[in-house]
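Student: Counting along the sequence shown from 1, when you hit position 41 you're at 41 in our numbering, and nothing is skipped either side.
One structure follows; several queries about it will come next.
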Amino acid sequence: MEAVPLGRHQKKTQRLKAHLAFLDESGFLLIPNVRRTWAPRGRTPIIWHRYRHDRISAISAVTVSFRRQRVGLYFHLHRENISQSEVVLFLRYLLRQIPGPIVLLWDGGSIHTGQEIQVFLARHPRLHVERFPAYAPDLNPDERVWGHCKAALANGRPDNLDELMATLERLTKKARRRPSLLRSFVSGSELPPFLRS
């Protein structure tokens, strides 16, 4: 059997295969996230905590391979508010971890549109960016990552940022090892059906 070289059209089709990456940022305070819980009848649950506004800022991406067989989770945690510099650092990390083209979907927040971001994107053409429509968080599976973490942290009271950081690292690493959970973030979003399958 004779090997047939790929034509230009076939080569172009191969290059169009890309990972999808859904990116979002979130924040976690030391002040507890209070949710309804169980308590003995007639006794209102009370959570004692330090009234401090210290926070951990988080950036992550849920990724889907172009064959839609593998779902991944990548994240960075910071003790300061996330700026364009931290976004660029995270994008550089994604490019090191994922081979080939990446189609990145994120919201139109100002943190994603500044000059530092534009310069980085111009230098890295294998990273193609698309924006979600305005006010459409339900389309982004990565929103569900941080919703999952906030639910797990509900009614807790970490004493300091080290404790909060350690808990968040544990939760996100545990989620990363559960492909079915990550897939549920994608399938539970309001993405078009062909992207959720």
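The beta-carbon is built from N, C-alpha and C at its ideal position, and this holds for glycine as well.
For R144, count neighbouring Cβ atoms within 10 angstroms of its own Cβ and tell me buried if that reaches 16, exposed if not.
Tutor: By 1-based counting over the sequence shown, the position of residue 144 is 144. R144 comes out buried.
Student: Run the CB neighbour count on A61, radius 10 Å, all protein chains shown included, and call it buried at 16 or more, exposed below.
Tutor: Here the question's residue 61 lines up with position 61 in the sequence shown. Answer is buried; the Cβ neighbour count reaches 16.
Student: Answer with buried or exposed for E130, where buried requires no fewer than 16 other C-beta atoms within 10 angstroms of its C-beta.
Tutor: Position 130 of the sequence shown, counted from the start, is the residue given in the question as residue 130. Its Cβ having fewer than 16 others within 10 Å, E130 is exposed.
Student: Let me make sure I understand the geometry here. Which of E163, H112, Q115 has the alpha-carbon closest to that of I56?
Tutor: Here the question's residue 56 lines up with position 56 in the sequence shown. Measuring from the Cα of I56, the nearest candidate turns out to be E163.
Student: Would you kindly work out how many angstroms separate the C-alpha atoms of A218 and P40, rounded to a whole number?
Tutor: The structure shown does not extend to residue 218, since the chain spans only 1 to 197, so no value can be given for it.
Student: Less than 9 Å between the beta carbons of I102 and L127, yes or no?
Tutor: Against the sequence shown, residue 102 aligns to sequence position 102. Against the sequence shown, residue 127 aligns to sequence position 127. Result yes, Cβ atoms of I102 and L127 sit closer than 9 Å.
Student: Relative to the C-alpha of L105, which residue among A154, G147, A134, E80 is closest?
Tutor: Numbered from its first residue, the sequence shown carries residue 105 at position 105. L105 has its Cα closest to that of A134, out of A154, G147, A134, E80.
Student: Have a look at R183 and F66 and give me their C-alpha separation to the nearest angstrom.
Tutor: Working through the sequence shown from its first residue, we reach residue 183 at position 183. Working through the sequence shown from its first residue, we reach residue 66 at position 66. Near 14 Å, if we compare the C-alpha coordinates of F66 and R183.
Student: Between which two residues does the alpha helix (DSSP H) carrying H148 extend?
Tutor: Position 148 of the sequence shown holds residue 148. H148 -> alpha helix (DSSP H) spans 141-153.
Student: Taking Cβ to Cβ, would you say P192 is nearer than 9 Å to R70?
Tutor: The count along the sequence shown starts at 1 and reaches residue 192 at position 192. The count along the sequence shown starts at 1 and reaches residue 70 at position 70. No; because the gap between Cβ atoms is not below 9 Å, this pair is not in contact.
Student: Using a Cβ-Cβ cutoff of less than 6 Å, which residues in the same chain neighbour P137 once the five nearest sequence positions on both sides are dropped?
Tutor: The count along the sequence shown starts at 1 and reaches residue 137 at position 137. The answer, listed in chain order, is E143.
Student: Roughly how many angstroms separate the alpha carbons of A18 and H76, rounded to a whole number?
Tutor: On the sequence shown, residue 18 is found 18 positions in, with the first residue counted as 1. On the sequence shown, residue 76 is found 76 positions in, with the first residue counted as 1. A18 and H76: Cα-Cα distance of roughly 22 Å.
Student: Please work out which residues of its chain come closer than 8 Å, Cβ to Cβ, to K173, disregarding the five sequence neighbours upstream and downstream, and give them in chain order.
Tutor: Counted from its first residue, the sequence shown places residue 173 at position 173. Closer than 8 Å at the Cβ level, and outside the excluded window around K173, lies no residue.
Student: Would E25 and V119 qualify as a contact pair, given that the criterion is a beta-carbon distance under 9 Å?
Tutor: Within the sequence shown, residue 25 is the residue found at index 25, counting from 1. Within the sequence shown, residue 119 is the residue found at index 119, counting from 1. For E25 and V119, no; Cβs fall outside 9 Å.
Student: Are the CB atoms of F90 and G108 nearer to each other than 9 Å?
Tutor: The count along the sequence shown starts at 1 and reaches residue 90 at position 90. The count along the sequence shown starts at 1 and reaches residue 108 at position 108. Contact flag unset, no.
Student: Is E130 helix, strand or coil when you go by DSSP?
Tutor: Numbered from 1 along the sequence shown, position 130 holds the residue referred to as residue 130. Correct three-state label for E130: strand.
Student: In chain order, what residues of the same chain have a beta carbon less than 7 Å from the beta carbon of F22, not counting five sequence neighbours either side?
Tutor: Within the sequence shown, numbered from 1, the residue matching residue 22 stands at position 22. A61, V62, L105, N140, P141, D142, listed in sequence order.
Student: At which residue ranges does the segment 42-108 contain complete beta strand (DSSP E) runs of 3 or more residues, listed in the order of the chain?
Tutor: Correct list: 55-64, 71-78, 102-106.
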